[in-house]
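Heads up: the sequence shown runs through residues 1 to 260, numbered per full-length UniProt numbering.
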Amino acid sequence: MSSSPPDPKVLFYAFQKTPDIPSLSPFCQKLETFLRSTKVPYEFHSALPKQAPKSKLPYVQVKRDDGTSETVADSHFIIRYLIENNIALDPDAKLSELQKAESTAWQAYVEGTLNQTMAYERWLVPANFDALTAEILEGVPRLLRPFIKWSLGRQMHSMFWAIGIGRYSFEEVKVLGQEAIDALTARLDGKIYFHGGKFTTIDASLYGVLVNVLGNRSSPHFYAAVLEKTILVAYVQRITATLFPEYEKILKIEGEASQK
C-alpha cells in the first residue's frame with residue numbers, strides 16, 4: 001500500500017513577539033489564527049519587513065518534500081494559496097455566496113477603517129508614539145534611538161497621510177472607530193462566531209484586529225472602547241481559549257466591560 005506524500009512544511013515569518021502576548025500586527029495575528037484554526041503545522045520565525053517580499057509581514061515559505069519551495073506574501077493571499085493548494089481545508093466551503101460576500105465586506109471594513117483608526121492612535125498620537133517606540137527600541141543602542149525614532153515617525157506620518165486616515169483629526173478618527181466598533185458589536189450579538197456556530201476565515205480577520213487592541217495597550221482610547229463591549233470581549237476570549245490559551249492576560253479581562 002502506497003503512503004500519501006508528506007505535508008509541505010510551512011515556515012511562517014512575522015514580527016518578533018513574546019509568546020504570551022498577541023502580535024503588534026493584526027495581519028500576522030490573523031494568519032497565525034488561520035493556521036491554528038485549520039490545524040496547519042507551521043514553524044514561527046521572526047523577521048523584519050525589509051527581509052520580506054513586498055517589504056511587509058507576514059509571509060510564508062512553503063517547502064515540499066521534492067526540494068521545491070514557494071514564498072507567498074500578504075495574509076490574504078497566503079490564506080488563498082494554502083486553501084487552493086490543499087494545504088489547509090477551506091473554512092468557508094459551506095458558506096453561501098451571500099455569506100461569502102458579507103465576509104468580504106466586513107473584512108474590508110474592519111481591516112481598513114477599524115484597524116487604521118487603532119493604528120492612528122498608536123502611531124500618530126504623540127504620547128502613545130513615545131511609549132511604543134521606547135518599547136520597540138529598548139534593545140537598540142541609546143545613541144541610535146533618537147534618529148530611528150525620528151525616522152520611524154516621519155515614515156508613519158507619510159504613510160498615514162498617503163492612505164488618507166492621517167488627514168483627519170484624532171477626534172474625527174475616534175468617530176470612525178466607534179462607528180465600526182458599534183456596528184461589529186451589533187453584528188456579533190447572539191453569535192458564537194461571525195456566521196454562527198462554526199469558525200470561518202472572517203473570524204481570523206476580526207480576531208486579529210480585536211485581540212491586537214486588547215493585548216497591546218498602545219491604543220488606550222480604542223482599548224477602552226472595545227472593553228466596554230461585552231459581546232466583543234467574549235468573542236475574543238472564546239477564540240483565545242480555543243486557539244491561543246497562552247494569552248493569559250486576554251483570558252483574565254473581566255469586570256470592566258458593560259454592554260452599551
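Each residue gets a CB set at the ideal place from its N, CA and C atoms; glycine is no exception.
With the rule of 3 Cβ pairs closer than 8 Å, the region 139-154 does not count as touching the region 227-242. Residue state for E70 is assigned as strand, using DSSP reduced to three classes. Spanning the alpha carbons of V110 and Q237 requires a straight line of approximately 18 Å. Fully contained in the UniProt domain "Thioredoxin-like fold" (26-128) are the following alpha helix (DSSP H) runs of length 4 or more, in chain order: 26-37, 75-84, 97-109, 115-124.
Beta bridge pairing from DSSP links L11 with E43, Q61. Close CB contacts of T117 within its chain, under the 6 Å cut and outside five residues either way in sequence, are with V173, L176, G177 (chain order).
The alpha-carbon of Q155 is positioned some 19 Å away from that of A47. Assignment of Y207 by DSSP, reduced to helix, strand and coil, places it in the helix class.
Setting aside the 5 residues that flank it on each side, K9 is surrounded in the same chain by K63, each with a C-beta closer than 6 Å to its C-beta; the list follows chain order. Distance from the CA atom of S151 to the CA atom of T71, rounded to whole angstroms, is 29 Å. With a cut-off of 8 Å on Cβ pairs, the region 209-219 is in contact with the region 17-27, counting three or more such pairs. When only Cα atoms are considered, N115 and S103 end up about 16 Å apart. In this structure, DSSP gives Y193 an extended state, which the three-state scheme calls strand. Sequence-distant Cβ neighbours of A241 in its own chain, meaning closer than 8 Å and more than five residues away, are L251. With at least 16 other beta carbons inside 10 angstroms of its own, L188 counts as buried. Burial is judged here by how many other beta carbons sit within 10 angstroms of a residue's own beta carbon; R167 has fewer than 16 and is exposed. Between D92 and T200, the gap from beta carbon to beta carbon is short of 8 Å.
Between A73 and V40, the C-beta spacing is not below 8 Å. P19 is the residue among L11, D130, A224, P19 whose C-alpha sits nearest the C-alpha of P245.
Sequence-distant partners of I192 (beyond 5 residues in either direction) whose C-beta falls short of 8 Å from its own C-beta, in its chain, are R238. The DSSP-derived three-state label of L24 is coil.
Per the coordinates, the alpha-carbon of F194 lies some 14 Å from the alpha-carbon of S96. A buried status is given to L206, since no fewer than 16 other beta-carbon atoms sit within 10 Å of its beta-carbon. With respect to the 8 Å criterion, L124 and S75 are not classified as neighbours on the basis of their beta carbons.
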